[in-house]
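Report on the structure given below.
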Amino acid sequence: MAENCSNISPSSEVYFQELSLAEKVGIGIATAVCIVVIVMFVEQAHFVIRKCHPEIRIKTLWLVGIYPMFALAALLAVFVPRAALLCDLASSIYLAVCLFHFTSLIILYSGGIPELLHKAESTGFSLRTPPCCCCCFCCPVIKATWPNLRILRVMVFQTSFLQPFISFITLVLWLDDKYVKGKMEAGQAFIYLSIVDAVSTLTAMYGLIVLFSTSRAFLKKQSILQKFWVLQLVLFIHTLQGLIFDTFAMFGLPPCRGKLSSIVRSNAIQHMVVVCEMLVLAVLARCLYRRPHSFHKAEEKVGHPHPIHNRAAEGGGRGGEGASWCRHE
Numbered sequence: 001m002a003e004n005c006s007n008i009s010p011s012s013e014v015y016f017q018e019l020s021l022a023e024k025v026g027i028g029i030a031t032a033v034c035i036v037v038i039v040m041f042v043e044q045a046h047f048v049i050r051k052c053h054p055e056i057r058i059k060t061l062w063l064v065g066i067y068p069m070f071a072l073a074a075l076l077a078v079f080v081p082r083a084a085l086l087c088d089l090a091s092s093i094y095l096a097v098c099l100f101h102f103t104s105l106i107i108l109y110s111g112g113i114p115e116l117l118h119k120a121e122s123t124g125f126s127l128r129t130p131p132c133c134c135c136c137f138c139c140p141v142i143k144a145t146w147p148n149l150r151i152l153r154v155m156v157f158q159t160s161f162l163q164p165f166i167s168f169i170t171l172v173l174w175l176d177d178k179y180v181k182g183k184m185e186a187g188q189a190f191i192y193l194s195i196v197d198a199v200s201t202l203t204a205m206y207g208l209i210v211l212f213s214t215s216r217a218f219l220k221k222q223s224i225l226q227k228f229w230v231l232q233l234v235l236f237i238h239t240l241q242g243l244i245f246d247t248f249a250m251f252g253l254p255p256c257r258g259k260l261s262s263i264v265r266s267n268a269i270q271h272m273v274v275v276c277e278m279l280v281l282a283v284l285a286r287c288l289y290r291r292p293h294s295f296h297k298a299e300e301k302v303g304h305p306h307p308i309h310n311r312a313a314e315g316g317g318r319g320g321e322g323a324s325w326c327r328h329e
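Residue numbers are given in UniProt numbering: position 92 of the sequence shown equals residue 92, and the series is strictly consecutive.
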């Protein structure tokens, strides 16, 4: 068979004609796995809606929904190679929103902003944390105050605005052939948009990790460390794993075959792997978000409790000592 190693993605009809039997079986397995992930989310969403406190319900649904979202987007990228960039951008936007929701979840688990600041009063916010300043011993420990907390939240929140903007610019330039994924040339926008995207993501992760590092000591019952890592792994899969596959494709791995270039085949394999990885993470997240989450009201010395304390107290007495955000099944 003659080979046409053009980097242009083929249509879905041409794509499936060029696939081998093993690749078609792999797509079938990925489809079945994606269906399982979606069914698990529907069941988990039913549990959250029925039994979780309203304060935490929406944020939990967003966080457990990241796995079916990534799995479905990856599967669509496998079926329609030309839509791979659009699917990846949609996943990036969803991930950016989830980072902010996880920040809000930490605050809720802590009992609200006043209670969080009170619990972190003795330790403060350590700025010597990854991914930016883990080796900078000169970075100070700042006080746990509302202005400093607001700065950390803005650091996380900015990516929720920037990611849709970056995605829009990327699509516009892609339609004008000014954006080719993985193409490192001065006349291509890929390198410039990648730098902006990396700075935005690192800034958001830095703000989240600073807040997480401070709160993990008093949020052990909420399994905040494990929840942080199942979200962090999604970020690693979306960025580092994609970079690894793109690097392999630049060196012709897997090799071009027929009308399927190395980039097209690499993208297909990468997205099928993502679908399977989302199943593993979805199972872990399902276990973590079904555990009872203790919620303690702010102590008297905090003064004016956050409004969510009063609403939690009105909602069936869930706001007191030893109360839980989610009822047992």
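Glycine is no exception: its CB is placed at the ideal position from the N, C-alpha and C atoms.
Cβ-Cβ separation, residue j to residue i (assumed contact under 8 Å), whole Å
i	j	result
tyrosine 289	threonine 60	6 Å
proline 81	alanine 268	7 Å
alanine 144	glutamate 121	5 Å
glutamate 18	lysine 259	5 Å
serine 91	methionine 69	7 Å
serine 200	leucine 233	Going by Cβ atoms, the distance from serine 200 to leucine 233 rounds to 20 Å, so no, they are not a contact pair.
leucine 173	alanine 189	5 Å
glycine 242	glutamine 270	6 Å
glutamate 72	cysteine 34	One point to set straight first is that residue 72 is leucine, not glutamate, in the sequence displayed. Going by Cβ atoms, the distance from leucine 72 to cysteine 34 rounds to 6 Å, so yes, they are a contact pair.
phenylalanine 41	glycine 65	6 Å
Rounded separation between residue i and residue j - CA only
i	j	result
isoleucine 263	isoleucine 29	21 Å
alanine 285	glycine 187	42 Å
alanine 198	tyrosine 109	29 Å
residue 363	tyrosine 67	Any answer about residue 363 is impossible in this case: the structure gives the chain only from 1 up to 329.
lysine 227	isoleucine 209	13 Å
methionine 272	valine 39	18 Å
histidine 304	glycine 111	Unreliable positioning characterises histidine 304 in this predicted model, as indicated by a pLDDT of 45, which lies under 50. The coordinate reading is nonetheless provided below. Approximately 12 Å between the Cα atoms of the pair.
tyrosine 94	phenylalanine 102	12 Å
proline 10	alanine 32	24 Å
leucine 63	valine 196	25 Å
lysine 119	leucine 175	51 Å
isoleucine 237	valine 280	12 Å
alanine 282	phenylalanine 79	22 Å
alanine 45	histidine 53	13 Å
residue 356	isoleucine 142	Residue 356 is absent from the model: the chain starts at 1 and stops at 329.
leucine 76	cysteine 87	7 Å
isoleucine 56	isoleucine 49	10 Å
glycine 26	valine 36	15 Å
serine 12	methionine 205	36 Å
proline 140	valine 230	29 Å
leucine 21	isoleucine 8	23 Å
leucine 117	leucine 219	14 Å
phenylalanine 16	glutamate 185	31 Å
arginine 216	proline 254	42 Å
alanine 96	valine 14	34 Å
methionine 278	arginine 257	28 Å
histidine 296	lysine 183	Residue placement at histidine 296 is flagged as unreliable, the pLDDT there being 36, under the threshold of 50; the coordinate-derived value follows with that caveat. Distance between the alpha carbons of histidine 296 and lysine 183 is about 52 Å.
leucine 240	aspartate 177	25 Å
proline 307	proline 147	Any answer about proline 307 is weak, because its pLDDT of 43 lies below 50 and its placement is not dependable; what the coordinates show is given next. About 19 Å.
isoleucine 191	lysine 51	46 Å
alanine 221	cysteine 287	The residue asked about is misnamed: residue 221 is lysine in this sequence, not alanine. Rounded to whole angstroms, lysine 221 to cysteine 287 spans 14 Å at the Cα level.
Beta carbon of residue i nearer than 7 Å to that of residue j
i	j	result
methionine 155	threonine 123	no
isoleucine 113	isoleucine 107	yes
leucine 225	serine 167	no
valine 275	alanine 74	yes
phenylalanine 157	phenylalanine 100	yes
phenylalanine 245	serine 261	no
leucine 193	threonine 159	no
leucine 127	glycine 207	no
serine 223	arginine 150	no
threonine 214	phenylalanine 125	yes
request  = Can you check the stretch 102-169 for any alpha helix (DSSP H) of at least 4 residues that lies completely inside it and give the ranges in chain order?
outcome  = 113-119
4-residue-minimum alpha helix (DSSP H) runs that sit fully inside the stretch 230-278, ordered along the chain = 242-250
query = Which residue spans inside the stretch 171-224 form an unbroken alpha helix (DSSP H) run of at least 4?
reply = Within the stretch 171-224, the complete alpha helix (DSSP H) segments of 4 residues or longer fall at 190-215, listed in chain order.
task = Entirely within the stretch 30-66 and at least 4 residues each: give me those alpha helix (DSSP H) ranges in chain order.
result = Taking only runs of at least 4 residues, the alpha helix (DSSP H) segments lying wholly in the stretch 30-66 are 54-64.
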